[in-house]
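As structure tokens, the structure follows; a few thoughts come after it.
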Amino acid sequence: MKSTTIAAVSAAIFLFTGCGTSKVAHASIVNNGKGYASDKSTQSVKRKRAVSHSAFITKSQQKEFLQHINKVRSERRSCGKYGRMGPVEPLAWSDKLYEAAYLHSYDMAKSSHFGHDGSGSRNDRCSVDMGLRRGSKLKERMSYTDYRWRAIGENIAAGQPSTHAAMQAWLRSDEHCKNLMSDHFTEVGMAYHPSNDHYQNYWAQNFGRSL
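In this note's numbering, the protein residues as written are -15 to 195.
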């Protein structure tokens, strides 16, 4: 990924059960309820899915993502209004969380769309395969990849030229920092996809604690 002078954006979401610029999305949401839906429509979607996107990440890239994330978690940090957090236990890699992150970063990059909800276009594979007729939600992408969860969270960003730059952008935001430092999560998957628009790269980071 080549270096760039564009600014960055990012966003964070957190769910619980019982422009020549870069950006990070800023909403943080807490929700209570069931963490997994196993119904006939979800199961039929699983049968339709042709290929796991886990094949798109190399072991070295997976290692790089985990090293960045767990180095952050190994230190005590200030997460703004959430106070000082950590150090916390390292996260394990989850192929299912990675697949959900990859699908969303792919959708954002191909659709020039930025948000926690999918674009609802043909690039939003979860929406298409589940017949949603709207953008996919984080919880639906978890069901689509068969991730059974007690807690899930998501950080997204656009415009950062490297893993380090994306991580630094998230750490500067209270909500993203909270997701990165949360002891509610035990697993993570992270992905990016290049784009042809002015952001050049779209990033997604999915956190979870499985049932």
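A virtual CB, placed ideally from N, CA and C, is assigned to each residue, including glycine. Computed from a predicted structure; not experimentally measured.
Give the secondary structure of residue i by DSSP, where H, G and I count as helix, E and B as strand, and everything else as coil.
i: residue 64; result: helix
i: residue 211; result: Not covered by the structure: residue 211. The range shown for the chain is -15 to 195.
i: residue 106; result: coil
i: residue 189; result: strand
i: residue 176; result: strand
i: residue 146; result: coil
i: residue 134; result: strand
i: residue 194; result: strand
i: residue 42; result: coil
Would you mind stating whether residue i and residue j have Cβ atoms separated by less than 8 Å?
i: residue 105; j: residue 181; result: no
i: residue 126; j: residue 56; result: no
i: residue 142; j: residue 92; result: yes
i: residue 41; j: residue 100; result: no
i: residue 53; j: residue 75; result: yes
i: residue 122; j: residue 138; result: yes
i: residue 167; j: residue 73; result: yes
i: residue 85; j: residue 189; result: yes
i: residue 158; j: residue 70; result: no
Residues in the same chain with beta-carbon distance under 7 Å from residue i, minus the five sequence neighbours each way, listed in chain order, please.
i: residue 192; result: 78, 81, 131, 133, 135, 136, 169 and 171
i: residue 147; result: 48, 49 and 52
i: residue 102; result: 88, 91, 108, 110, 111, 119 and 120
i: residue 46; result: 77
Using a 10 Å radius around the Cβ and a threshold of 16 neighbouring Cβ atoms, would you call residue i buried or exposed?
i: residue 51; result: exposed
i: residue 129; result: buried
i: residue 162; result: buried
i: residue 164; result: buried
i: residue 120; result: buried
i: residue 68; result: exposed
i: residue 111; result: buried
i: residue 61; result: buried
Within the same chain, show all residues whose beta-carbon is closer than 6 Å to that of residue i, passing over the 5 residues directly before and after it, in chain order.
i: residue 176; result: 89, 185 and 187
i: residue 118; result: 104
i: residue 107; result: 91, 94 and 95
i: residue 178; result: 185
i: residue 155; result: 161
Step through the CB atoms of chain D and report whether any lies within less than 8 Å of the CB of residue i.
i: residue 112; result: Absence of chain D from the displayed structure is noted, only one protein chain being present.
Should residue i be listed as close to the ligand ATP, given that the test is whether its C-beta is under 7 Å from any heavy atom?
i: residue 133; result: No copy of the ligand ATP appears in this structure; indeed no ligand is present at all.
Exercise for the section: Scan the segment 51 to 100 and note each continuous alpha helix (DSSP H) run of 4 residues or more that stays entirely inside, going in chain order. Expected result: When DSSP assignments are scanned along the segment 51 to 100, the uninterrupted stretches of alpha helix (DSSP H) that are 4 or more residues long and fall wholly within it turn out to be 79 to 95.
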